[in-house]
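K.L.:
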Amino acid sequence: MSDISETRNQAKRIGGEAFMPPSRSPWQETWFQLRKNRMALTGLVIFIFFFVIAVTGLFVTGGSDPILDPARVRLPEKLRPPLSSPKTDTLRPEELPALGIYLLGTDDLGRDVFARMLQGAWVSLTVGFVAVGIAVGIGILLGGIAGYYGRFSLQLGHLLVGVLVFSASVFAIYGWLWPAALLLFFITIVFVSSHKRLRHPSPSSRSLRWLMLPTLQVDTLIMRAVDIMLCFPSFFLILTVVALLPPSIYNIMVIIGLTSWMGTTRFVRAEFLSLREMDFVAAARALGISDTRIIFRYIMPNAVAPVLVSATLGIASAMLTEAGLSFLGFGVPPPHATWGNILSDGKAYIFDAPWLTFAPGIVILIVVLAFNLFGEGMRDILNPKLRERN
Amino acid sequence: MLTFLSRSIIQKLVTLFFVSVVSFLIIHLAPGEPSQIDPLNPKFTPEMVERMREEFNLDKPLHVQYLLFYKNLFSGKIISWRDNLPVLGKIWERFLNSLPLFIVGTLLTWTFSFPVGIRSAIHRDGIYDKSTTFLSYLLISIPGFFFAYLLIILVVTKLHVPVIGMETFGMSDASLLARFMDRIWHLVLPSLLGATGGVAVLSRYVRGQMLEIIGQDYVRTARAKGLPSETVYYKHALRNALLPFVTMFGLILPGLIGGSVIIESIFSWPGMGRMAYEAILGRDYPVILTINFMTAVLVLAGTLISDLLYMVVDPRIKL
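Protein chains in written order, with our numbering: chain E, 1 to 390; chain B, 1 to 319.
1) Under DSSP, the alpha helix (DSSP H) around Q216(B) begins and ends at which residues?
2) In the DSSP assignment, what residue or residues form a beta bridge with L193(B)?
3) Using a C-beta cutoff of 8 Å, does L138(B) count as contacting chain E?
4) Mapping the DSSP letters down to three states, classify T391(E) as helix, strand or coil.
5) F50(E) and A370(E) - do their beta-carbons sit closer together than 8 Å?
6) Can you tell me which of A359(E), A172(E), R24(E) and I228(E) puts its alpha carbon nearest to the alpha carbon of G120(E)?
7) State yes or no: is the C-beta of I103(B) within less than 8 Å of the C-beta of L88(B)?
8) Name the chain B residues whose beta carbon is nearer than 9 Å to that of V368(E)?
9) Which word fits K87(E), buried or exposed, when buried means at least 16 other C-beta atoms lie within 10 angstroms of its C-beta?
10) Please report the straight-line C-alpha distance between R266(E) and M223(E), rounded to a whole angstrom.
11) With contact counted as at least three CB pairs below 8 Å, one residue from each stretch, are the segment 149-157 of chain B and the segment 341-352 of chain E in contact?
12) State the CB to CB distance for the pair Y310(B) and T247(B), rounded to an integer number of angstroms; the pair is presumed to be in contact (CB under 8 Å).
13) Whose Cβ in chain E lies nearer than 7 Å to the Cβ of A379(B)?
14) Can you grab the Cα-Cα spacing for the pair G257(E) / R179(B), in whole Å?
15) Short of 6 Å in beta carbon distance, which residues of its chain neighbour T61(E), apart from the five on each side in sequence? Order them along the chain.
16) What does A224(B) reach in chain D if we use C-beta pairs closer than 7 Å?
17) Taking the alpha-carbon positions, what's the I101(E) to P82(E) distance?
18) Any Cβ of chain E within less than 8 Å of the Cβ of N97(B)?
19) Under 8 Å, do A243(E) and I280(B) count as touching if we go by C-beta distance?
20) Among L154(E), L365(E), A305(E) and L109(E), which one has its Cα closest to the Cα of K78(E)?
21) Express the C-alpha separation of Y233(B) and V123(E) in angstroms, rounding to a whole number.
22) Could you tell me which of K225(B), G198(B), M210(B) and E264(B) sits nearest to L99(B), measuring between CA atoms?
23) How far does the alpha helix (DSSP H) with L304(B) in it reach, from first residue to last?
24) Any C-beta of chain E sitting closer than 8 Å to the C-beta of L58(B)?
25) Which word fits M262(E), buried or exposed, when buried means at least 16 other C-beta atoms lie within 10 angstroms of its C-beta?
26) Based on the DSSP output, what are the partners of I79(B) in its beta bridges?
27) Where do the N-terminal and C-terminal ends of the alpha helix (DSSP H) with P26(E) fall, by residue?
28) Taking 8 Å as the CB-CB limit, is T15(B) close to chain E?
29) Do the segment 290-299 of chain B and the segment 231-247 of chain E touch if we need at least three Cβ pairs shorter than 8 Å?
30) In chain E, which residues lie less than 7 Å from S268(B) when you measure between Cβ atoms?
31) If contact means a Cβ-Cβ distance below 7 Å, which residues of the segment 331-352 of chain E contact chain B?
32) What does DSSP give as the partner residue(s) for T435(E) in the beta ladder?
33) Can you give me the Cβ contacts of A146(E) inside the same chain, cut-off strictly under 6 Å, excluding the 5 residues immediately before and after it?
34) Contact check, S120(B) vs T133(B) under 8 Å by CB: the rounded distance?
35) Only counting the same chain, and skipping five residues up and downstream in sequence, which positions put a Cβ closer than 7 Å to that of A148(B)?
36) Just checking my contact of L202(B) with S268(B) at CB under 8 Å: how many whole Å lie between their CB atoms?
Laid out in structure tokens, this is it:
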């Protein structure tokens, strides 16, 4: 500490008014900025609180003999308002809620809404995180390839292999297993035998030269795929696929993930395109560092912060999508509670039992709002152009 | 200009072809078939199922089905599997129902977001800016169906106006004015709900755009030479800040056929979104695929229009 301040004093003496820059690491700097942005900080606090609640909810409501049973039906106790205490004379002792009161009331089957909300928290959390994880994974992979290797042209041979694989899978779909297997065998043979010879062409393999004709750039291919995916109306597409597949929570996560990677891909590609031309990458390349290392140690750390911000916002929208699907009756199958289907079940009692609508609605609102505030706040913080000068 | 136009049209046609293939594959490769939709119905004997499969070409190979489907689509002969009505006619009818929602929603979005966005940019970090920022995050985060129920509770219990459906049942012999007001009342809530998300996002965008322009040197020059601040903001800054929004006219085009599934189901509004929802439930493949195809056409046309508009408004862009 003392030598730092001494250096600083020296710097002052030498440069007159010149100050040393504050000795803060990027993390400290971000934390410092975050503390000043009260809305983002509130978002973070609510997010952590929600995370803790969802994890405890998993333990409290899961298992064979849960403390708070979200599936326990108590028909005499249906549609009790929040904070009402159970009638002890009609219920068997094991049917009593563990908390002694119905914190958020009961639904039309007398199930404890508080326990159901706790169970739903974990669903919302996992759907949000897994779906966005899939989307960001695909986005970083495709965007990184398009940005870093985009100028490479696919050779005619590559396309040919692609067509062969495609037709093999079509054969497999039609149930013609023999042609499919034969084609796959053929592809592997061609691949293995030609790969070495194409790399180091000898005069004898002239005849295979045409396989190396450049056709289509990798970048073009990936970006056209993005364009194609953007043509689909996203909620309609998700709804169609969810309705066609058997109902399961994993299907929903995967489908939301597979239909929302386009933004990240474009984003990562743009980042990679600009970072690839930076001097520090050129220096790394001049030192002979491998591509993998350049991508993961040099470019990725610089590109990942904005991606994480958009992922935070993506979690918010994935949760809203899941709630919307559950609301339409396509979500997680019935015995399992989610916020969307609690609200959907409660809509028939909207005037008699408004807590069935308000409890999940307000909780979804607060959690999604927290994610949005935190994400937008981080976007401002990580963007030095928007930062206030002081 | 012409080369740009022809190149992008060819590119978009290729994209459209792939969209049609992908959507066809998604629908047809998913497990389950429309002929098995209701296995408990005693009318569905194996012979019946076989006849239906033959009727709908489901027994043919996939590529033949694909060609037949798009041949029918382009010749306008495509019919729904559920009621044997022509799909295009059905869509047109529902489109006319959704159109008022779309128009009112879009008008609300565009008339609200600009004043709000501009004002919060001018008074940056003031109380107005902070509260509209928070409000727009709130509106982005609120689940549409929850907000719909809030508004329904409010309107029905406080104002005693029926809002579900397109008109109140049994109003046909009321006076013209009463019927008109009834229609308006039924229109207000769904279009307001459709506009909330749009207002929140667009006003944030207007604010950002305006802030960027206000920071430019020529605005400082205008202010330095003593122009009144109204002239500076609304004449010098606003005109340039509006540039990106002109192009957005193209991007709202897909909304024409979208229609919100959730809002239309809550309000029992017989629009496009609800038809799509019913088609999905009934595995009515021709309707699903046609809507999908038309949306893709509108998305591609919208991007083309916005590119062209950009060229018209911004002379710096030469394509």
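All C-beta atoms, glycine included, are put in the ideal place defined by N, C-alpha and C. Just so we're clear, the structure is a prediction, and the values are computed from it rather than from any experiment.
P.N.:
Taking the geometry as given:
1) First-last for Q216(B): undefined, no H or E at that position.
2) DSSP output for L193(B) lists no bridge partner at all.
3) yes
4) Lying outside 1 to 390, the shown extent of chain E, residue 391(E) is not represented and no answer is given.
5) yes
6) A359(E)
7) no
8) I140, S141, I142 and P143
9) exposed
10) 8 Å
11) yes
12) 5 Å
13) Shown here, chain B extends from 1 to 319; a query on residue 379(B) therefore has no answer.
14) 46 Å
15) L68, P70, A115, L118 and Q119
16) Checking the listed chains, one finds no chain D in this structure; the protein chains it contains are E and B.
17) 8 Å
18) no
19) yes
20) L109(E)
21) 48 Å
22) E264(B)
23) Y285 to V313
24) no
25) buried
26) P86(B)
27) P26 to K36
28) yes
29) yes
30) Per Cβ cutoff of 7 Å: no residues; S268(B) is ~13 Å from chain E at best.
31) L343, K347 and I350
32) Residue numbering for chain E in the displayed model covers 1 to 390; residue 435(E) lies beyond these limits and cannot be assessed.
33) D219, I222 and R269
34) 7 Å
35) L193, I263 and I266
36) Contact doesn't hold; Cβ gap of about 28 Å is too wide.
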